[in-house]
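> Chains as they are written, first to last, in our numbering: chain E, 889 to 1201; chain U, 469 to 782. Think of the CB as a built atom: it goes at the ideal place given N, C-alpha and C, for glycine as much as any other residue. Model, not experiment: these values are computed from the prediction. Below you will find the structure I want to go over with you.
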Amino acid sequence: MESIGVLLACPMNSYLEQQLDKRFKLYRFWTVPDKSSFLASHKDSIQAVVGNAAAGADAELIEALPKLEIVASFSVGLDKIDLTKCKEKGIRVTNTPDVLTEDVADLAIGLMLAVLRKLCESDRYVRSGKWKRGDYVLTTKFTGKKVGIIGLGRIGMAIAKRAEAFSCPISYYSRTEKPEIKYKYYPSVVELAAHCDILVVACPLTKETHHIINREVINAMGPKGVLINIGRGPHVDEPELVSALVERRLGGAGLDVFENEPYVPEELFGLDNVVLLPHVGSGTVETRQAMADLVIGNLEAHFQKKPLLTPVV
Amino acid sequence: MNNISVLMTCPMLEYLEKQLESRFNLFKMWNLSSSKPDFFKNHSGSIKAVVGDTTVGADSNMIDSLPNLEIVASYSVGLDKIDLEKCKDKGIKVTNTPDVLTNDVADLGIGLALAVMRKICVCDQFVKSGNWINGDLGLASKFSGKSVGIVGLGRIGSAIAKRSEAFNCHISYHSRSEKPNTNYKYYSNIVDLAANCQILIVACALTEETRHIVNRKVIDALGPKGILINIGRGACVDEPELVSALLEGRLGGAGIDVFENEPNVPEELFAVENVVLVPHVGSDTEETSKAMADLVISNLEAHFKGEPLLTPVT
Chain E
889 MESIGVLLAC PMNSYLEQQL DKRFKLYRFW TVPDKSSFLA SHKDSIQAVV
939 GNAAAGADAE LIEALPKLEI VASFSVGLDK IDLTKCKEKG IRVTNTPDVL
989 TEDVADLAIG LMLAVLRKLC ESDRYVRSGK WKRGDYVLTT KFTGKKVGII
1039 GLGRIGMAIA KRAEAFSCPI SYYSRTEKPE IKYKYYPSVV ELAAHCDILV
1089 VACPLTKETH HIINREVINA MGPKGVLINI GRGPHVDEPE LVSALVERRL
1139 GGAGLDVFEN EPYVPEELFG LDNVVLLPHV GSGTVETRQA MADLVIGNLE
1189 AHFQKKPLLT PVV
Chain U
469 MNNISVLMTC PMLEYLEKQL ESRFNLFKMW NLSSSKPDFF KNHSGSIKAV
519 VGDTTVGADS NMIDSLPNLE IVASYSVGLD KIDLEKCKDK GIKVTNTPDV
569 LTNDVADLGI GLALAVMRKI CVCDQFVKSG NWINGDLGLA SKFSGKSVGI
619 VGLGRIGSAI AKRSEAFNCH ISYHSRSEKP NTNYKYYSNI VDLAANCQIL
669 IVACALTEET RHIVNRKVID ALGPKGILIN IGRGACVDEP ELVSALLEGR
719 LGGAGIDVFE NEPNVPEELF AVENVVLVPH VGSDTEETSK AMADLVISNL
769 EAHFKGEPLL TPVT
């Protein structure tokens, strides 16, 4: 398969890069001086694109690659891939579900604990020597708080399972009610927000879920509400979120994703009720390796004409 | 009961102070510091109750200097700062605050484990210092599915185990004796526990037997990929050994809420990235501190009304 051209959209994982390099003819998109002339001269050699949450395969790229057969995403999210166009052109799409579910759910719980118990702030307090001058402030109990989950897919369910161990009553919103699920369903995000203490975004990013967290939802959450976003930045109307936090109309937030990564609104940097992470939901050694193996596994299966491991399209 | 004299050993919670003030004749020991010898001469005979905490309890000297002491009500579940032997000898009742703080301490145990494994504090600092625009951070370690070893399977240890199970962690434990109604694997030797788990969590009471229970041997057994979480008492861990193990990379990381000499924390740890340090906040939430205070008050009132104590230490 060493003659098969694979375009890697951006740097994502050195193990993955090595594996791709070994097995295919790898093109590193971010190293080419001029992207359009590169595409013009290489359009007939590229049969696969490997993308991730930052860079995928939009309509423009797909159109520029007439020999493209498969887009293998190093992510479970598909919002950077033009799925409709792929379907039209018979281009296969794969992602990395399941292998990252636990990590992302772990991080959601970690963010809840970090925000409510002010873990990072307490750690800074100790390291600055302030403890010698007095105790840190009281924080907020996590056990028993009502957790509302937007999107009860693999990740949403894994978050629910963990939160239940902390005696958190679980409720959710999703496109349709799931009758087999014992958690309380709310038919709108605003209602869910009004009835929980901690709201978690765990749904895919689509046209419908863009800015699903807006001013109305933030108002419904109120000054004691805490927002946790481990989905996608554009799920949240970021300027609205920032002003709510700065004006203390919202109790706190734990955010792993932002509208324009790696840029994060600087007004959030000084807030003690906010924890900010650089999109590390699946960022563990174990999981990134598993994700990389899945990308390779899917590509090999495709080019060997075997069934794809985790096809989306 | 406004004529009953109660001695509060140190500032612990404003709400508790106010409640004690409104119900009893309250003496605040930290306000008496300059005239402490005089205080004890003039008032020691009237003090019938001491309210202590994890910082200042009721040691042998204090008990000896309060001849009419009837009850020590601790604003804590830990009793290591109270001379229990002396209290027993003199028929002094002791109460603490079990159960109401179990969940908070267990939550902190899990929070620390997640913070260390997933580098949450490092990441937060990274973003807030504007460094993300220069590139990503390195990868962290997965928490789910890791083996968790708990030292002390009491209320708090069990609550930690229950939470860890939801993360598909394998649970094992060490305690003075095996507990009959659990499915968790028991190790009669703490070194064996440490050798067979990736995250070791100290959740036992501090007694003569558990002082420095986490020593060099245990730390060596835990190893360069092992993580230590301490939400028990500082003295359960040999602190200098812990510090050198972390500095030398012989231990993978640590999440510590308690230290041998609070509020002093070994400063060599401040620059260490794989360590999370918090200032003894295990039960320091608004909800729980109020519940603990209410329990202290209720125990005192019950005692002085001749009613059964709510949470006596037997």
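(1) Kindly indicate the opening and closing residues of the alpha helix (DSSP H) around Y903/E.
(2) Identify the residues that DSSP records as bridge partners of N732/U: which are they?
(3) Starting from H638/U, trace the beta strand (DSSP E) both ways and give me its first and last residue.
(4) Assuming contact is defined by CB atoms lying nearer than 9 Å, are D1144/E and K1006/E in contact in what I supplied?
(5) Would V616/U pass as a contact of A581/U if the rule is Cβ separation under 9 Å?
(6) At which residues does the alpha helix (DSSP H) containing L494/U begin and terminate?
(7) Give the straight-line distance between the Cα atoms of D478/U and G520/U, rounded to the nearest whole angstrom.
(8) Return the CA-CA distance between S533/U and L737/U, expressed in angstroms with no decimal places.
(9) Using DSSP with H/G/I as helix, E/B as strand and the rest coil, what is R1176/E?
(10) Can you check whether the C-beta of G598/U is within less than 9 Å of a C-beta belonging to chain E?
(11) Along chain U, which residues have their Cβ under 7 Å away from the Cβ of F1030/E?
(12) Could you tell me which residues DSSP puts in a beta bridge with Y654/U?
(13) Once the 5 residues before and after I892/E are set aside, which same chain residues still bring their CB inside 8 Å of it?
(14) For the stretch 474 to 561 of chain U, list the alpha helix (DSSP H) runs that are entirely contained and at least 4 residues long, ordered along the chain.
(15) Can you find a C-beta in chain U that's less than 9 Å from the C-beta of F1054/E?
(16) Please confirm if A761/U has its CB atom under 9 Å from at least one CB of chain B.
(17) State whether the stretch 706 to 718 of chain U contacts the stretch 727 to 742 of chain U, with contact taken as three or more CB pairs (one from each stretch) at a distance under 8 Å.
(18) What first and last residue would you give for the beta strand (DSSP E) that runs through T756/U?
(19) Shortest alpha-carbon distance to G1113/E belongs to which of G1121/E, A1090/E, Q1177/E and G1142/E?
(20) Give the single residue among V1088/E, V987/E and E948/E whose Cα lies nearest to the Cα of G1036/E.
(21) DSSP on K1020/E, reduced to helix/strand/coil?
(22) May I ask which residues mark the beginning and end of the alpha helix (DSSP H) holding N571/U?
(23) So, is the C-beta of V749/U closer than 9 Å to a C-beta in chain E?
(24) For the beta strand (DSSP E) holding S615/U, just list the boundary residues, first then last.
(25) Within this structure, are the beta carbons of A1090/E and G579/U separated by less than 9 Å?
(26) Going by the C-beta, is R1137/E closer than 8 Å to any heavy atom of the ligand GDP?
(27) Is the CB of E728/U under 9 Å away from at least one CB in chain E?
(28) Along the beta strand (DSSP E) that carries R1015/E, what are the first and last residues, could you check?
Looking at the coordinates:
(1) For the purposes of this step, residue 903/E is taken as the residue at position 15 of the first sequence. S902 to R911 is the extent of the alpha helix (DSSP H) around Y903/E.
(2) Mapped onto the second sequence, residue 732/U falls at position 264. N732/U is bridged to N729/U.
(3) Here residue 638/U is taken as the residue at index 170 of the second sequence, counted from 1. For H638/U, the enclosing beta strand (DSSP E) begins and ends at H638 to H642.
(4) Position 256 of the first sequence, counted from the first residue, corresponds to residue 1144/E. Position 118 of the first sequence, counted from the first residue, corresponds to residue 1006/E. No, they are not a contact pair.
(5) Along the second sequence, one-based indexing puts residue 616/U at 148. Along the second sequence, one-based indexing puts residue 581/U at 113. A contact, by the Cβ cut-off of 9 Å.
(6) As a position in the second sequence, residue 494/U is number 26, starting the count at 1. It is not in any alpha helix (DSSP H) - L494/U instead sits in the beta strand (DSSP E) that spans N493 to K496.
(7) Residue mapping note: residue 478/U aligns to position 10 of the second sequence, counting from 1. Residue mapping note: residue 520/U aligns to position 52 of the second sequence, counting from 1. Reading off the sequence shown, one finds Cys at residue 478/U, where the question assumed Asp. Our two residues, C478/U and G520/U, have alpha carbons roughly 7 Å apart in a direct line.
(8) As a working mapping, residue 533/U is identified with position 65 in the second sequence. As a working mapping, residue 737/U is identified with position 269 in the second sequence. The straight-line gap separating the alpha-carbon atoms of S533/U and L737/U is approximately 40 Å.
(9) Taking the first sequence and counting its residues from 1, one reaches residue 1176/E at position 288. Looking at R1176/E - three-state DSSP - the assignment turns out to be helix.
(10) In the second sequence, residue 598/U corresponds to position 130, counting from 1. Answer yes: the Cβ-Cβ gap between G598/U and chain E drops below 9 Å somewhere.
(11) Start at 1 with the first residue of the first sequence, and residue 1030/E comes out as number 142. Near F1030/E (Cβ distances below 7 Å), the residues of chain U are D575.
(12) Numbered from 1 along the second sequence, position 186 holds the residue referred to as residue 654/U. DSSP lists Y641/U as partners of Y654/U.
(13) Your numbering for residue 892/E matches position 4 in the first sequence. For I892/E, where only same-chain residues beyond five positions count, the Cβ hits under 8 Å are F912, K913, Q935, A936 and F1191.
(14) 482 to 491, 504 to 511, 528 to 532 and 552 to 558
(15) As a working mapping, residue 1054/E is identified with position 166 in the first sequence. Taking Cβ atoms only, chain U reaches closer than 9 Å to F1054/E, which makes this a yes.
(16) Checking the listed chains, one finds no chain B in this structure; the protein chains it contains are E and U.
(17) yes
(18) Taking the second sequence and counting its residues from 1, the one referred to as residue 756/U is at position 288. Where T756/U is concerned, there is no enclosing beta strand (DSSP E), although the alpha helix (DSSP H) it sits in stretches over E754 to F772.
(19) Counting from 1 along the first sequence, the entry for residue 1113/E is found at position 225. Selected option, being the one with the closest Cα: G1142/E.
(20) The residue labelled residue 1036/E in the question sits at position 148 within the first sequence. Here the closest residue by C-alpha is V1088/E.
(21) By one-based count along the first sequence, residue 1020/E stands at place 132. It is helical.
(22) Residue 571/U sits at position 103 when you count from the first residue of the second sequence. T570 to M585 is the span of the alpha helix (DSSP H), which, as asked, contains N571/U.
(23) For the purposes of this step, residue 749/U is taken as the residue at position 281 of the second sequence. Judged by the 9 Å Cβ criterion, V749/U is in contact with chain E.
(24) The count along the second sequence starts at 1 and reaches residue 615/U at position 147. Per DSSP, S615/U belongs to the beta strand (DSSP E) from S615 to V619.
(25) Indexing the first sequence from 1 puts residue 1090/E at position 202. Indexing the second sequence from 1 puts residue 579/U at position 111. The Cβ atoms of A1090/E and G579/U lie no closer than 9 Å to each other.
(26) This structure simply doesn't include the ligand GDP, nor any ligand for that matter.
(27) Along the second sequence, one-based indexing puts residue 728/U at 260. Answer no: the Cβ-Cβ gap between E728/U and chain E never drops below 9 Å.
(28) Here residue 1015/E corresponds to residue number 127 of the first sequence, with the count starting at 1. Note, R1015/E: premise wrong, no beta strand (DSSP E); alpha helix (DSSP H) at L1007 to R1015.
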